[in-house]
Amino acid sequence: MNSEPLKNRTIFTTRTPDTADKLAEPLRRYGATVYNLPTIEIQPAAFSSEIEHVLNNIHNFDWLLFTSQNGVRYFLELYKKVHPSGQLPSGLQIGVYGQKSASCLTENGIKPDYVSKAKISDNFFRHLQEKLFRKNQHVLLAMGNMASYKYEKYFEGFVNCSRLIVYHNTIPRHVDRELLSKITADDYDMIVFTSPSTFNNLVYLTQNEISPEKIRAASIGTTTKKAIESQGGNLLLTARRPNIKTLIEDIVQYFHAGDQLIVE
45 MNSEPLKNRT IFTTRTPDTA DKLAEPLRRY GATVYNLPTI EIQPAAFSSE
95 IEHVLNNIHN FDWLLFTSQN GVRYFLELYK KVHPSGQLPS GLQIGVYGQK
145 SASCLTENGI KPDYVSKAKI SDNFFRHLQE KLFRKNQHVL LAMGNMASYK
195 YEKYFEGFVN CSRLIVYHNT IPRHVDRELL SKITADDYDM IVFTSPSTFN
245 NLVYLTQNEI SPEKIRAASI GTTTKKAIES QGGNLLLTAR RPNIKTLIED
295 IVQYFHAGDQ LIVE
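Counting from 45, one number per residue, gives the positions in the sequence shown under my numbering.
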């Protein structure tokens with residue numbers, strides 16, 4: 045493989061500005077022209093009486109669960125409005141999906157009781173259900189507004205599960221129209237999506253100019269893949285494993301192999 049297998053390829057990423065470079069920079073090193081057009085914006089949940097009530101009674105929960113760095117970050121911001129010390133109740137156990145989310149906790153002086161390195165979040169919840177939870181325990185999920193409600197179904201009839209929305213995933217208030225016009229003009233080779241919202245929001249932003257089947261997409265994993273397929277997007281590839289490193293490898297291989305589809 046040559047040192048610039050993506051030379052003369054134009055690739056769009058759709059991540060938030062603070063996470064875009066982890067995907068864009070390696071693609072540029074492989075020779076691609078990369079543009080980042082964020083199609084999601086993360087906003088903290090507004091502090092409310094409902095949130096205050098939950099956080100004032102957090103000692104009534106047995107487990108607190110996080111599935112993302114944003115969940116950790118925005119939960120702690122809200123929690124410190126009620127408990128300025130940031131100290132969680134000693135009896136509260138904490139489960140985290142992913143090492144990056146765990147690191148976000150430890151940076152704030154909180155040691156999680158269980159950190160899952162599972163490839164998909166379903167296995168995180170399944171392990172908790174089968175190995176760590178006890179019947180009738182109380183569990184709090186700190187999540188974003190777009191998180192699937194399938195998670196509660198893992199625990200139905202076994203533990204009492206509550207959800208606390210600590211951040212909102214929204215369509216950006218300001219969009220680079222010049223970059224958006226490159227997409228509507230079909231002036232690119234691939235758009236990379238790392239969550240269902242990144243694809244769904246692009247469909248919304250371009251709804252009056254192109255149809256979803258015109259969007260040439262690469263997906264980081266099966267959940268995003270399903271969102272793309274459900275709207276008829278032109279799915280070029282899905283990463284063999286749901287992480288940025290594998291996604292980049294598969295994009296390089298896709299173009300280097302002469303547009304041979306990579307099968308999961």
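Glycine is no exception: its CB is placed at the ideal position from the N, C-alpha and C atoms.
Counted within 10 angstroms of its Cβ, other Cβ atoms place residue i as buried (16 or more) or exposed
i      : result
TYR193 : exposed
PHE105 : buried
LYS179 : exposed
PRO211 : The identity of residue 211 in the sequence shown is Tyr, whereas the question assumes Pro. Buried, because 16 or more other Cβ atoms sit within 10 Å of the Cβ of TYR211.
SER225 : exposed
ASN244 : buried
LEU176 : exposed
GLY277 : buried
ASP62  : exposed
ARG53  : buried
PRO128 : exposed
ASN252 : exposed
GLN137 : buried
GLY139 : buried
SER160 : buried
ASP233 : buried
GLY274 : Rather than Gly, the amino acid found at residue 274 in this sequence is Ser. With fewer than 16 other Cβ atoms within 10 Å, it is exposed.
Bridge partners - residue i, DSSP secondary structure assignment
i      : result
ARG178 : In DSSP, ARG178 forms no bridge with anything.
VAL210 : DSSP output for VAL210 lists no bridge partner at all.
GLN87  : HIS212
SER263 : PHE237 and THR282
SER160 : TYR141
TYR79  : PHE56
CYS205 : VAL183
PHE110 : VAL140 and ALA186
Nearest-angstrom beta carbon gap, residue j and residue i [assumed within contact, 8 Å]
i      : j      : result
PHE91  : LYS66  : PHE91 to LYS66, Cβ: 30 Å. No contact.
THR238 : ARG59  : 6 Å
PRO133 : HIS171 : The Cβ separation is near 23 Å, so there is no contact.
PRO88  : TYR118 : 5 Å
LEU185 : TYR195 : 6 Å
MET187 : ILE209 : 7 Å
VAL247 : PRO256 : 5 Å
Cβ-based neighbour list, residue i, same chain, cut-off 6 Å, excluding 5 preceding and 5 following
i      : result
LEU149 : VAL116 and PRO156
GLY265 : PRO286
LEU99  : TYR123 and VAL126
ASP303 : At ASP303, the pLDDT of 43 sits below 50, so the modelled position is not reliable; the number obtained from the coordinates is stated separately. Cβ within range, chain order: n/a, list empty.
ALA76  : LEU50, ARG53 and ILE55
VAL351 : Since the first residue of the chain shown is 45 and the last is 308, residue 351 is not available in this structure.
ILE288 : LYS66 and LEU67
Proximal residues to residue i (C-beta, below 7 Å), its chain only, five neighbours per side dropped
i      : result
LEU120 : GLY130 and ASN152
TYR272 : The amino acid at residue 272 is misidentified as Tyr; the sequence shows Ile. So the qualifying residues of the chain are PHE237, PHE243, ALA261, SER263 and LEU279.
TYR74  : GLU48, PRO49, LEU50 and VAL296
ASP294 : LEU281, ALA283, ARG284 and ILE306
ALA68  : THR57, VAL78 and ASN80
Close-in-space but distant-in-sequence residues of the same chain around residue i (CB under 8 Å, 5 per side omitted)
i      : result
GLU85  : THR60, ASN213, THR214, ILE215, PRO216 and ARG217
LEU291 : LEU67, VAL236, THR238, ALA262, ILE264 and ALA283
ALA162 : TYR141, PHE168 and HIS171
Evaluate contact between the stretch 138–146 and the stretch 108–122, counting only Cβ atoms and requiring at least three cross-stretch pairs below 8 Å. Pairwise C-beta distances place the stretch 138–146 in contact with the stretch 108–122, as three or more of them are shorter than 8 Å.
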